[in-house]
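Everything below concerns the one structure shown next.
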Amino acid sequence: MSEVEAADGRCDLVRRSPWPKDERARRDEREPRSTGGGSVSDLKQGPAGGAVDEARVRVLVEENIAIVGYQVSELLHRVPPTVTRDELASAGSLALVLAARAYDESTGVPFARYAALRVRGALIDELRSMDWASRGARTRAREVQSATDELTHSLGRRPTREEIAQVLGTDPASVDQAQADLERRVLSLDGTDNPVADVVADAAPTPEEAVLTRERLTWMRAAVESLPERLKTVVVALFFEDRPVTEVAAELGVTPSRVSQLRTEALGLMRDGLNAGLDPELLPTVERRDGVAARRRQAYFAQVAARAVQGLPFGALTAAGATSADHEVVARRAGVQTA
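Going by UniProt numbering, the sequence shown opens with residue 1, and the numbers climb by one from there.
Shown next, in the form of structure tokens:
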């Protein structure tokens with residue numbers, strides 16, 4: 001077994017996403033994406049493709065236009081100065097109109113909450129469209145960086161491009177391309193359509209990645225705070241206060257194995273709560289939607305969404321001195337990606 005193969009086994013990097021095999025695949029990944037706010041063609045349709053009540057749409061937009069300004073202001077604090085307010089406001093306003101036309105009151109979800117999610121999604125997609133690289137290119141760049149770091153630690157030296165390629169299951173040329181991607185950022189000049197071929201070394205997260213990470217951590221905090229009291233006690237004690245299982249078991253009057261069961265239950269519920277708000281397609285299928293357990297889950301999902309979107313206080317986590325790093329650990333344990 002070669003040195004890099006041994007390191008490969010320790011790093012456990014072999015199960016990574018497949019890389020494109022040719023330049024055509026790379027170009028295809030850079031095709032423009034549709035925005036999270038919808039498309040202009042959606043303006044012709046109402047809920048479930050029905051007729052649009054123009055008066056109702058106008059009232060909803062006028063009463064909630066402040067959502068756009070709030071969401072834009074929130075993002076402008078965390079993106080480069082090359083991103084202008086007007087660009088984001090335009091995308092957010094379109095998303096608000098589309099949300100008003102698609103809104104279905106029968107869902108029971110307040111329009112302000114629904115619109116805030118649609119507007120935020122459209123703004124993030126707008127940031128993505130401003131970025132030079134596709135999500136796939138950024139993912140490959142991060143994989144190369146991760147492989148480089150882990151191989152450096154395992155081998156005691158910086159790995160060669162061939163060793164990195166072997167671990168990732170690709171060719172050295174693809175590694176070179178990914179490393180170039182990692183160090184390159186194309187900037188826009190005064191908001192015009194002409195790109196500036198300035199290349200800057202910048203390993204920092206892109207605007208989209210920074211916003212997505214912050215948003216997911218906010219939802220993670222909301223998921224913890226919205227847990228039933230007993231489950232929340234276990235999660236806060238084990239993950240944020242670093243207390244031993246035996247101590248938590250004694251406090252709750254249960255066995256250590258029961259604490260482990262409660263921890264597993266809490267992490268699963270939190271994972272589903274985050275997926276319900278951020279990645280609904282990842283939610284498991286529930287056979288009995290009208291059952292007591294299903295109703296409790298739905299109530300929990302609604303509480304998580306309300307706390308995340310409306311910015312309700314995070315009392316228990318504040319008292320425990322929780323940090324972003326703590327939340328990232330819990331997210332990984334729950335099987336949720338924060339970036």
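Beta carbons: idealized from backbone N, C-alpha and C, even for Gly.
All of these numbers come straight from a predicted model, not from anything done at the bench.
Taking 8 Å as the cut-off, the Cβ atoms of Leu283 and Ala276 count as close.
Collapsing the DSSP output to three states places Arg157 in coil.
Taking all protein chains shown into account, Pro159 has 16 or more neighbouring C-beta atoms within 10 Å of its C-beta and is therefore buried.
About 5 Å separates the CB atoms of Ala178 and Arg140; that is less than 8 Å, so the two are in contact. For Ile164, the three-state secondary structure derived from DSSP is helix.
Annotation: Arg118 to Leu96 spans about 7 Å, alpha carbon to alpha carbon. The beta carbon of Ser146 is closer than 7 Å to none in its chain, skipping five residues each way along the sequence. Its Cα nearest to that of Ala222, the residue Ala302 stands out among Glu63, Arg295, Ala302. In the assembly as shown, Glu225 is a buried residue. Its beta-carbon has 16 or more other beta-carbons within 10 Å. With a beta-carbon spacing of about 12 Å, Val248 and Ala266 fall beyond the 8 Å limit used to define contacts.
Take the alpha-carbon of Gly69 and the one of Thr218: they are about 20 Å apart. Per DSSP, Val109 is not a residue of any alpha helix (DSSP H), being assigned neither H nor E. In the three-state scheme derived from DSSP, where H, G and I count as helix and E and B as strand, Pro172 is classed as helix. From the listed residues Thr84, Asp53, Asp86, the smallest Cα separation to Ala99 is found for Asp53.
Between the alpha carbons of Pro256 and Val234 lies a distance of about 11 Å. Arg243 sits in coil when the DSSP states are folded into three classes, being neither helix nor strand. Excluding residues up to 5 positions away in sequence, Val144, Arg161, Ile164, Ala165, Leu168 lie with their Cβ nearer than 8 Å to the Cβ of Val175 in the same chain. Residue Arg128 holds the alpha-carbon nearest to the alpha-carbon of Val83 among Arg128, Gly121, Arg120, Arg113. Per the coordinates, the alpha-carbon of Leu262 lies some 43 Å from the alpha-carbon of Leu88. Restricting attention to alpha helix (DSSP H) runs no shorter than 4 residues, the stretch 236-305 encloses them at 245-252, 256-278, ordered along the chain. By the neighbour-count criterion, in which 16 or more other beta carbons inside 10 Å mark a residue as buried, Val309 falls on the buried side. For Ala305, the number of other beta carbons within 10 angstroms of its own is at least 16, and it is reported as buried.
Ala122 places its beta carbon 8 Å or farther from that of Leu76.
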